[in-house]
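In the working numbering, the protein residues as written are 163 to 789.
Following this line, the structure appears as structure tokens:
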């Protein structure tokens, strides 16, 4: 937040506003000797703004002086001159009687204000009368205000008690077309902050031709920070943060998203590199928690080189905005699990491909009646109904790199298995099941938190017993818990009307999944999925010789676009269903699935049609369209 520290006087030479001076206290006409300065107000509110004066300079080298001091308990003079008891916004120029009590009009200052500005060559650009130019629409003429004046105008126009640097940038670009098209380095000259003794100082480059022809590096602080790592600033973008698109810049260092206020105020840091996003939406990187393979690779095939297959797919899905995923194995013989699982490790993403958050084991503890494309001969039940750890270990061999297990909650002993898996940090999903609502609610109370591909491979919704689908609106879900559900929004697995019903019933729980199989990215024909032969016909993937759907061939970005179109959801909700919600499901939302400060800089750059323009992992570009 932009605020003023009053602990010590500013050191001589720390502020130079060429041909204009912002001065306080030295020009004070009145002081409340009996009053006291509230530390919180002085440091964080805009109260100090009302107590400054912008005055004509006596010479080009005059310095800003601040003498109001907390220890002296003095009140600084009013900004733009004393306004008495008026609460109306003040004129941007001191002593302008025609403007006192008149709100600021950024596009066209008053004639009286212009007359006053003529005495301030640092404020008025030569040859342009403000009344003759509409700066809000004119991109060719630089506004006749110094950066210090623009900052004060932005702060005065703010209706909030605090204002961030990004808000100042936005106000300037909203009101002055010139800065929307200018080199973004102008932002560096708006506010440069010294961390020493909590002092704020403003750097203003004059309108002189000499100053405009250099990089003004003499006015910039050293990039002195707690880290020598380079800082990247993503500009000209809309950031998906807090469930809305915000016109702001995104700052990244060492693979993490930075808080720019701390960067400026605490470290005097600024960007080493800028990435012009050309108006793109920056969304968190997509996370696919159910993907069986792709590009000819089937994760459920026993292989001595299973890890390489996962890595190959991980690299291919970067172009679809996926930065993390859960390789998924369908029901398989025990020897397949025992061979594949140790080879697929949890690891971070990078240029080599999307990161692996853990395996998703879909089966073999599922219902025969709703097996779908899973081979019946390899299905399992819990011995003696105990749901013991021995049953899980016998089937899988190890749970070390497992993130999620899908099982049918109606199986005897399943509740015990749910508790055991959750105790080990493995998320439990309900699917391929004929469970009724009561059985599903019991599983949720035991710790289950996800529904595998809602509507598919489960009892259809019935008004007397909605089955697993009823969890979306159940009042038996423990307080503070969220039941998430996967949706294959490929236009094949789920009718748009059903998708809309689910989304409107429980929007915060919807998780987009591809359920993609090895045929994703391949031409029509026959391919494998685990132990089954799959046939691709158009956009459909069937068990060969049947009309049983067997996964999809959709990509995640296709699912995001179809979800938005079919559901009518907002442009913010669609990417969040592929990023924030899966991260919350897996318990990694403290670092993935959002653009919060401190989170991993896994980014998907999208155009307005939600097509992927570029993908970044840990702030590093790993794929770009056309590259």
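In this text, a Cβ means the ideal position worked out from N, Cα and C, and glycines have one as well.
| Asked | Found |
| --- | --- |
| Between the stretch 599-612 and the stretch 649-666, are three or more C-beta pairs nearer than 8 Å? | no |
| Please name the residue in 489, 531, 583, 479 whose C-alpha comes closest to that of residue 512. | 479 |
| In the DSSP output, which residue or residues are listed as bridge partners for residue 116? | Since the first residue of the chain shown is 163 and the last is 789, residue 116 is not available in this structure. |
| Taking residue 568 and residue 525 to be in contact with their CB atoms under 8 Å, please state how far apart those CB atoms are, rounded to whole angstroms. | 7 Å |
| Using only the alpha-carbon positions, how far apart do residue 468 and residue 685 sit? | 23 Å |
| Nearest by alpha-carbon distance to residue 595: which of 533, 440, 736, 637 is it? | 533 |
| Following the continuous beta strand (DSSP E) through residue 472, name the residue where it begins and the one where it ends. | It is not in any beta strand (DSSP E) - residue 472 instead sits in the alpha helix (DSSP H) that spans 468-478. |
| How many Å lie between residue 593 and residue 677 at the Cα? | 13 Å |
| Please determine if the stretch 698-717 and the stretch 755-765 are in contact, where contact requires at least 3 C-beta pairs separated by less than 8 Å. | no |
| Could you pull out every residue in the same chain whose Cβ sits closer than 7 Å to the Cβ of residue 305, ignoring the five residues on either side in sequence? | 297, 338, 340 |
| How close, in whole Å, do the beta carbons of residue 474 and residue 498 come, if the pair is a contact with beta carbons under 8 Å? | Not really, about 19 Å apart at Cβ, beyond 8 Å. |
| Enumerate, from N- to C-terminal direction, the unbroken alpha helix (DSSP H) stretches of 4 or more residues contained entirely within the stretch 718-757. | 718-729, 735-738, 742-748 |
| State the DSSP-derived secondary structure class of residue 602, mapped to helix, strand or coil. | helix |
| Leaving out five residues on either side along the sequence, give the residues of the same chain with a beta carbon under 8 Å from the beta carbon of residue 514. | 473, 476, 477 |
| For chain D, is any of its Cβ atoms less than 8 Å away from the one on residue 307? | The structure shown contains no chain D; it is built from a single protein chain. |
| Going by Cα to Cα distance, which pick from 332, 583, 655 is closest to residue 552? | 583 |
| In angstroms with no decimal places, state the Cα-to-Cα distance between residue 396 and residue 521. | 33 Å |
| So, with DSSP's three-state summary, where would you put residue 636? | coil |
| Who are the Cβ neighbours of residue 399 in its own chain at under 6 Å, not counting the five residues just before and after it? | 439, 442, 444 |
| In terms of DSSP beta bridges, what is residue 310 paired with? | Per DSSP, none; premise fails for residue 310. |
| Can you give the Cα-Cα distance for residue 303 and residue 344, rounded to whole angstroms? | 11 Å |
| Would the stretch 717-731 count as touching the stretch 640-660 if we require 3 or more Cβ pairs under 8 Å? | yes |
| Can you name, in chain order, every residue of its own chain whose Cβ lies under 8 Å from the Cβ of residue 540, other than the five neighbours on each side? | 493, 494, 495, 525, 526, 693 |
| If we require 3 or more residues per run, which beta strand (DSSP E) segments fall completely within the stretch 481-535? | 484-492, 521-524 |
| Looking at the strands, I want to know which residues DSSP matches up with residue 696. | 689, 705 |
| Short of 6 Å in beta carbon distance, which residues of its chain neighbour residue 764, apart from the five on each side in sequence? Order them along the chain. | 447, 485, 779 |
| Determine the direct distance from the alpha carbon of residue 682 to that of residue 555, and round the result to whole angstroms. | 31 Å |
| Quick check on residue 361: buried or exposed, where buried means 16 or more other Cβ atoms within 10 Å of its Cβ? | Annotation note: pLDDT 40 at residue 361 (below 50); position unreliable, coordinate value reported separately. Result: buried. |
| If I'm right that residue 507 touches residue 598 with Cβ under 8 Å, what's the distance once you round it to whole angstroms? | In fact, because the Cβ distance is near 38 Å, the residues do not count as touching under 8 Å. |
| Whose C-beta lies closer than 6 Å to the C-beta of residue 471 among residues of the same chain, with five residues either side of it excluded? | 459 |
| For residue 644, count neighbouring C-beta atoms within 10 Å of its own C-beta (all shown protein chains included) and say buried if the count is 16 or more, exposed if not. | exposed |
| At what residue ranges does the stretch 546-574 contain a whole run of the beta strand (DSSP E), taking only runs of 3 or more? | 564-569 |
| Out of 401, 425, 737, state which residue places its alpha-carbon closest to the alpha-carbon of residue 389. | 425 |
| Could you tell me the alpha carbon to alpha carbon distance between residue 591 and residue 453, rounded to whole angstroms? | 15 Å |
| Please name the residue, chosen from 566, 623, 698, 319, that lies closest to residue 749 on a Cα-to-Cα basis. | 566 |
| Could you have a look at residue 659 and say whether DSSP puts it in helix, strand or coil? | helix |
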